[in-house]
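Take a look at the structure below.
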Amino acid sequence: MKYHHIRKAEFISRPNRFIARVLLDGAVETVHVKNTGRCREILTEGCTVYLEGSDNPMRKTRYDLVAAEKHRQGAPPLLINMDSQIPNHAAEEWLRRGELFGRQADIRRESVFGDSRFDFRIEDNGSISYLEVKGVTLENNGIASFPDAPTERGVKHIRELIRAHSQGFGAYLLFVIQMKEITEFRPNDITHRVFGDALREAERAGVKLLAYDCKVTPDSMTIDKPIKIRTEY
Numbered sequence: 596m597k598y599h600h601i602r603k604a605e606f607i608s609r610p611n612r613f614i615a616r617v618l619l620d621g622a623v624e625t626v627h628v629k630n631t632g633r634c635r636e637i638l639t640e641g642c643t644v645y646l647e648g649s650d651n652p653m654r655k656t657r658y659d660l661v662a663a664e665k666h667r668q669g670a671p672p673l674l675i676n677m678d679s680q681i682p683n684h685a686a687e688e689w690l691r692r693g694e695l696f697g698r699q700a701d702i703r704r705e706s707v708f709g710d711s712r713f714d715f716r717i718e719d720n721g722s723i724s725y726l727e728v729k730g731v732t733l734e735n736n737g738i739a740s741f742p743d744a745p746t747e748r749g750v751k752h753i754r755e756l757i758r759a760h761s762q763g764f765g766a767y768l769l770f771v772i773q774m775k776e777i778t779e780f781r782p783n784d785i786t787h788r789v790f791g792d793a794l795r796e797a798e799r800a801g802v803k804l805l806a807y808d809c810k811v812t813p814d815s816m817t818i819d820k821p822i823k824i825r826t827e828y
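First residue of the sequence shown? That's 596 in this note's numbering, and the numbers climb one at a time after it.
Set out below in structure tokens:
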């Protein structure tokens, strides 16, 4: 996944979950934040952020904040993609490379199943599978976690994946970790224990859990290597 018109800026503040104020070319600019999560550990005053310029003259903000360099004690900053829309695009590129199914598989976005809409429906050699994608930006000492805020929608998706598997469909949950330097993935039970419990139930039921890190640059993100998943509480 590739961005265009990327600019480097300095983060100042985040008045609400939709916008941030940054210092760009010596002037304060209000920008749209493409992630409604808290991201407090990433967006700290003075950190370097990356903005994508918009070609839409009707927009209230000229730029989207898509990535940031997270400050770490005793280590260089960690570049994290914060765009909540890019994991699905990166996942589609990854699927079409034949990384999980055959290269000739029929891949469809936004497919309805039951009361949910899964990110992908894949038909491969006569078998149908559903795949849901969750972008991960929360990191602590090399351990990635999800969610960074309670997500009833995420729990609902897991329940539907369990139901899909029970009806004979393939069922996959893919955590796209939007950074490198990750050793393992864990559910964030402290923030939302119900999600962690649902994830463990899905694992026992046969839903396939996947976690992959990403190669991240200021203007791109590509799914890269599998990461160990540790679900025990």
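We treat Cβ as the ideally placed atom computed from N, Cα and C, and that holds for glycine.
Exercise for review: Note down, one range per segment and in chain order, each alpha helix (DSSP H) of at least 4 residues found wholly within the region 704 to 782.
Suggested key: 747 to 761
Exercise for review: Write down the C-beta distance between V661 and E647 rounded to the nearest angstrom, noting that I regard them as a contact closer than 8 Å.
Suggested key: 5 Å
Check your understanding: What runs of the alpha helix (DSSP H), each 4 residues or longer, lie entirely inside the region 612 to 648?
Key -> Within the region 612 to 648, no alpha helix (DSSP H) run of at least 4 residues lies entirely inside it.
**Study point:** Under the three-state DSSP convention, the category H684 falls into
**Key:** helix
Point to revise | Secondary structure of S660, DSSP reduced to three states | key: Looking at the sequence provided, one finds Leu at residue 660 rather than Ser. Correct three-state label for L660: strand.
Exercise for review: Using the Cα positions of T817 and G621, report the straight-line distance between them to the nearest angstrom.
Suggested key: 32 Å
Point to revise | For R602, three-class secondary structure by DSSP | key: strand
Check your understanding: Which one or two residues does DSSP pair with R667 in a beta bridge?
Key -> A670
Review point. Out of curiosity, what's the CA-to-CA distance linking E827 and F790?
Key: 13 Å
Point to revise | the region 769 to 786 in contact with the region 800 to 812 per 3-pair CB rule at 8 Å | key: yes
Review point. Buried or exposed: which applies to F613, given that a residue is buried once 16 or more other Cβ atoms fall within 10 Å of its Cβ?
Key: exposed
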